[in-house]
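Peer 1:
2 protein chains.
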Amino acid sequence: MAEKRYLLTPGPTPVPPEVLAVLAEPMIHHRARDFKGIYERSLARLREVYRTANDVLLFTASGTGAFEAAVANLTSPGDRVLVVSAGNFGERWAALTRAYGADVVHVRLEWGETPDPEDLRSALAEAGDVRVVYLVHSETSTGVVADVQALAAVAKDAGALVVVDAVSSLGAVPLETDAWGIDVVVSGSQKALMCPPGLAFDSVSDAALEQAARATSPRYVFDWERTRKAQAKLDAPFTPAVSLVKALDVALGLLLEEGLEAAFDRHARLGRACREGVKAMGLQLFSPDEDRSAVVTAIRAPDGVDSGDVVSSLRDRLGITIAGGQGDLKGKIFRIGHIGWFDVFDITTALAGVELVLADAGADIERGVAVTRALEAYESHATV
Amino acid sequence: MAEKRYLLTPGPTPVPPEVLAVLAEPMIHHRARDFKGIYERSLARLREVYRTANDVLLFTASGTGAFEAAVANLTSPGDRVLVVSAGNFGERWAALTRAYGADVVHVRLEWGETPDPEDLRSALAEAGDVRVVYLVHSETSTGVVADVQALAAVAKDAGALVVVDAVSSLGAVPLETDAWGIDVVVSGSQKALMCPPGLAFDSVSDAALEQAARATSPRYVFDWERTRKAQAKLDAPFTPAVSLVKALDVALGLLLEEGLEAAFDRHARLGRACREGVKAMGLQLFSPDEDRSAVVTAIRAPDGVDSGDVVSSLRDRLGITIAGGQGDLKGKIFRIGHIGWFDVFDITTALAGVELVLADAGADIERGVAVTRALEAYESHATV
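So the sequence lines, in the order shown, correspond to chains Y and S.
Everything in the first sequence is counted per the numbering used here, starting at 110 for the first residue and increasing by one.
Everything in the second sequence is counted per the numbering used here, starting at 110 for the first residue and increasing by one.
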């Protein structure tokens, strides 16, 4: 029998069969009328998922491409910007803004910390004249989902533009681009949007576009104005990943059919189920035990166990792919993703596999309780 | 009955069913071992198709992304570079090098002209101290395939690095990256490589990497050194378009199974068949009538006929997608692509459709000869 595989990482995430099916359709031309209809609907659906009236610009790129666009279009060398980081993707904002010659004020928290709006207020007051604040909504490396509503409000108070990495959060946890006044929301296709990787997005406010018009950093394929003008005519500036746009159209249709609020609730329950199961077997959470952290659950490896071995054993023995730790957390934590096309039996599969592997490794693990506890927690709608 | 569609443009091109099939497989993780095997084989197959021992760097991007990489990594503001253009994609080199602040010597030919190596020699001598020469192999907007072997030799004589756009030529017409001493060959997935759009490539010589180490233009996702280091560990620097890499692996396997020389011969015969059919019905070629121009055939619309109407009628009445003219050639030419997964019946479909539409538009067209003449020309192995 062919081995069954379980993709339980925080991205790429499982792709629903309806979405996979359109990938296998014969190629069509990106300037043909049938593609334009798909392109128009995808862009409209993105705006709906983003909850914005702004343009959402679509790039054929990894998520980091949309990060880079949000730096290249807003930065002239020497501009002062502020980056809040508490993990791998926050560090990426710092690396990118430095690569573009910004004067970077880096509010660098320990990996796993949750950024505090009042700390941001102090940092902005101290720095003075910050043009752009770069934030991370869901820090995929640690499982922390920040309160970007509060953080964005502080940044707006200081007169800065606000850019948010929502690659792993968009569609999984509440994000109100317009209501929260976020100038640029960066996201990608391969997380809660249930598509293969290869498409990335920037929503752009009028204020962001105005600053882009003055920014002198060189850019071409990631140039917002070129992309915006082309999208207005439903004519991508460069040949887009046609198959992936078709997939996006179908996947966003599925998400909107479920309803964003229902999807947020499902993700909150998946996260709760995962955390409760983890705690039931006696493991320690690395990510916060709160409903907002519904994207990925980061778990400390038991004493004496290398988390990389847990990941390898799950993959090699059981066909289950989860993620290890990044950076300094390598070997120390493992991460179970639960965004996109996930239900509770993906969580119980992950928990049962982790329990089996850790028990076999001789770790002190409570057997036979995690799955039941996860199922109970999933049914509970109460906010913890 | 569902309408049958015929994609006969110079890109995106038809994707073989074996390639479409892998796109519909369940998602896998880009750091999982099964993906690493696919990634390694794709990169090795790319080097084989490129005929290079250099690294071929793979980006998740439109072809223009790999153009941009070849500018961003080689340019410091003020560097003198020379661009040879004779169509839309040559103009793109000029736009990109200017966007990165290069001192651009633009040898700008009329669209449709074939660049002359001796003219390049004179231009280089006059310009002096040119660091990089940017060339186009197959100018998709006009159907001209340049003699890049001779052009590259002239550029090397002048001590410049040579960068070649081979987006629509790689795998269709002979290109010897190493034997011809080309420092950077830029290509993309959606032309002769028979994949969907979304992947783009730069081969990089040691000399190109040395210049990149000194180049000060900001870049991040397109940074060669970051990409090269990651690929050496079979670990993409950013989440790649996993599905498209799987497709590329299969498609390159098909191409190499056919054999590059056999593929070049097939494309030469397809081009010949198309040109002979076009001439037989009394139309005038815009692209040169030579075997090298085997990628796309550009045809002048008959007097009094707008080529855009030909394209629309083919699409709307017959389900056949071909391409119109770009830039100043809009309305004046139409283009039949024949790269990648094409055989002679794709050519006869295009010719029969064009004949029907032009005859109905009242153009003075010889009826009933194009298809037969095309089939005869396809069988002829003699070099015209």
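Ideal placement from N, C-alpha and C gives every residue a C-beta, glycine not left out.
Because the structure is a prediction, the values reported are computed rather than measured.
Have a look at S:K300, S:S422 and S:P226 and flag the residue whose alpha-carbon is nearest the alpha-carbon of Y:M136.
Peer 2: Ranking the options by Cα distance to Y:M136, first place goes to S:K300.
Peer 1: Of the residues S:T457, S:V192, S:G210 and S:L467, which one's Cα is nearest the Cα of Y:P327?
Peer 2: When each option's Cα is compared against that of Y:P327, the closest is S:G210.
Peer 1: Which one of Y:G172, Y:F198, Y:A267 and Y:D238 has the shortest CA to CA distance from Y:S247?
Peer 2: Of the listed residues, the one whose Cα sits closest to Y:S247 is Y:F198.
Peer 1: State buried or exposed for Y:K355, treating a residue as buried only when at least 16 other CB atoms are found within 10 Å of its CB.
Peer 2: Buried, by the Cβ-count rule.
Peer 1: Go ahead and label Y:R482 buried or exposed: buried means 16 or more other beta carbons lie within 10 angstroms of its beta carbon, across all protein chains shown.
Peer 2: Looking at its Cβ environment, which holds 16 or more other Cβ atoms inside 10 Å, Y:R482 is buried.
Peer 1: If you reduce the DSSP assignment to three classes, tell me which class Y:D311 lands in.
Peer 2: DSSP places Y:D311 in strand when its eight states are reduced to three.
Peer 1: Kindly indicate if chain Y contains any beta-carbon less than 7 Å away from that of S:V216.
Peer 2: So, not an interface residue.
Peer 1: Tell me S:C296's beta-bridge partners as DSSP assigns them.
Peer 2: For clarity, residue 296 of chain S is Ser in the given sequence; the question names Cys instead. Paired residues: S:F310.
Peer 1: For a test of the three-state rule: what should DSSP assign to S:R240, helix, strand or coil?
Peer 2: Coil.
Peer 1: Considering only residues of the same chain and omitting the five flanking positions on each side of S:V480, which have a CB-CB separation below 7 Å?
Peer 2: These residues qualify, in order along the chain: G386, T457, L460 and A461.
Peer 1: Are any of the Cβ atoms in chain Y nearer than 7 Å to that of S:H138?
Peer 2: Answer yes: the Cβ-Cβ gap between S:H138 and chain Y drops below 7 Å somewhere.
Peer 1: Using the C-alpha atoms, what's the distance from Y:Q258 back to Y:T348?
Peer 2: Cα to Cα, the separation comes out at about 35 Å.
Peer 1: When you compare the CB positions of Y:G446 and Y:V405, do they come within less than 7 Å of one another, or not?
Peer 2: Against a cut-off of 7 Å, the Cβ pair of Y:V405 and Y:G446 comes out as a contact.
Peer 1: Exposed or buried, which one is Y:M390 when buried takes at least 16 other CB atoms within 10 Å?
Peer 2: Looking at its Cβ environment, which holds 16 or more other Cβ atoms inside 10 Å, Y:M390 is buried.
Peer 1: Tell me which same chain residues have a C-beta within less than 8 Å of the C-beta of Y:R101, skipping the five on either side of it?
Peer 2: Outside the displayed range of chain Y (110 to 493) lies residue 101 of chain Y, so it cannot be described from this structure.
Peer 1: If distances are taken between C-alpha atoms only, which option among Y:S489, Y:S312, Y:L361 and Y:T118 comes closest to Y:F162?
Peer 2: The question names Phe, but residue 162 of chain Y in the sequence shown is Ala. Checked all of Y:S489, Y:S312, Y:L361 and Y:T118; the closest Cα to Y:A162 is Y:S312.
Peer 1: Let me make sure I understand the geometry here. Which of Y:Y159, Y:A360 and Y:S489 has the alpha-carbon closest to that of Y:V453?
Peer 2: Residue Y:S489 is the option with its Cα nearest to Y:V453.
Peer 1: Say whether the segment 144 to 163 of chain Y touches the segment 336 to 353 of chain Y, bearing in mind that this needs 3 or more beta-carbon pairs closer than 8 Å, one atom from each stretch.
Peer 2: Yes, since at least three Cβ pairs between the segment 144 to 163 of chain Y and the segment 336 to 353 of chain Y fall closer than 8 Å, the two stretches touch.
Peer 1: Which stretch, first to last residue, makes up the alpha helix (DSSP H) that contains S:I456?
Peer 2: Per DSSP, S:I456 belongs to the alpha helix (DSSP H) from V453 to D469.
Peer 1: To the nearest angstrom, how far is it from the Cα of S:L365 to the Cα of S:W202?
Peer 2: One C-alpha to the other measures close to 30 Å.
Peer 1: On the DSSP bridge list, what partners appear for S:T169?
Peer 2: For S:T169, which the question treats as bridged, DSSP gives the partners S:L308.
Peer 1: With three or more beta-carbon pairs closer than 8 Å as the criterion, would you say the segment 398 to 413 of chain S touches the segment 432 to 449 of chain S?
Peer 2: Yes, the segment 398 to 413 of chain S is in contact with the segment 432 to 449 of chain S.
Peer 1: Could you tell me the distance, in whole angstroms, from the CA atom of S:A208 to the CA atom of Y:F373?
Peer 2: If I take the Cα positions, the gap works out to 42 Å.
Peer 1: Among S:P126, S:D400, S:R384 and S:T336, which has the Cα closest to the Cα of S:Q393?
Peer 2: Ranking the options by Cα distance to S:Q393, first place goes to S:R384.
Peer 1: List the residues of chain Y that S:P119 touches, going by C-beta distances under 9 Å, in chain order.
Peer 2: The contacting residues do not exist; S:P119 stays about 10 Å from chain Y at best.
Peer 1: Contact criterion: CB-CB distance below 7 Å. Does Y:V493 meet it with respect to chain S?
Peer 2: Confidence in Y:V493 is poor, its pLDDT being 43 and thus under 50, which makes the residue's placement unreliable; the coordinate value appears in the next sentence. Chain S, which has no Cβ nearer than 7 Å to the Cβ of Y:V493, makes this no.
Peer 1: Could you round the C-beta distance between S:R444 and S:I429 to whole angstroms and report it? I think they count as a contact, below 8 Å.
Peer 2: At roughly 13 Å, the Cβ-Cβ gap does not stay under 8 Å, so S:R444 and S:I429 are not in contact.
Peer 1: Which whole-angstrom value is the C-beta distance of S:L152 and S:V165, which I expect to be below 8 Å?
Peer 2: Correct: roughly 6 Å between the Cβ atoms.
Peer 1: Using DSSP with H/G/I as helix, E/B as strand and the rest coil, what is S:D266?
Peer 2: DSSP places S:D266 in helix when its eight states are reduced to three.
Peer 1: In the segment 348 to 380 of chain Y, which residues sit with their C-beta less than 7 Å from some C-beta in chain S, listed in chain order?
Peer 2: Answer in chain order: T348, P349, A350, V351, S352 and L353.
Peer 1: Is S:F176 helix, strand or coil when you go by DSSP?
Peer 2: Correct three-state label for S:F176: helix.
Peer 1: Who are the Cβ neighbours of Y:V493 in its own chain at under 6 Å, not counting the five residues just before and after it?
Peer 2: With a pLDDT of 43 at Y:V493, under the threshold of 50, the modelled position of that residue is not reliable, and the figure given next carries that caveat. Counting only Cβ-Cβ distances below 6 Å, and skipping sequence neighbours, we find D400.
Peer 1: Counting only the same chain and skipping the five closest in sequence on each side, list residues whose C-beta sits under 6 Å from that of S:M110.
Peer 2: Cβ neighbours of S:M110 beyond the five flanking positions: none.
Peer 1: Return the residue from the list Y:D274, Y:S185, Y:G433 and Y:T286 that minimises the CA-CA distance to Y:V414.
Peer 2: Ranking the options by Cα distance to Y:V414, first place goes to Y:G433.
Peer 1: By the criterion of Cβ-Cβ separation under 7 Å, what are the contact partners of S:E177 in chain Y?
Peer 2: Simply Y329 and V330.
Peer 1: Can you list the residues of chain S that Y:T249 reaches, using a CB-CB cut of under 8 Å?
Peer 2: Within 8 Å Cβ-Cβ: nothing; Y:T249 doesn't reach chain S, min ~11 Å.
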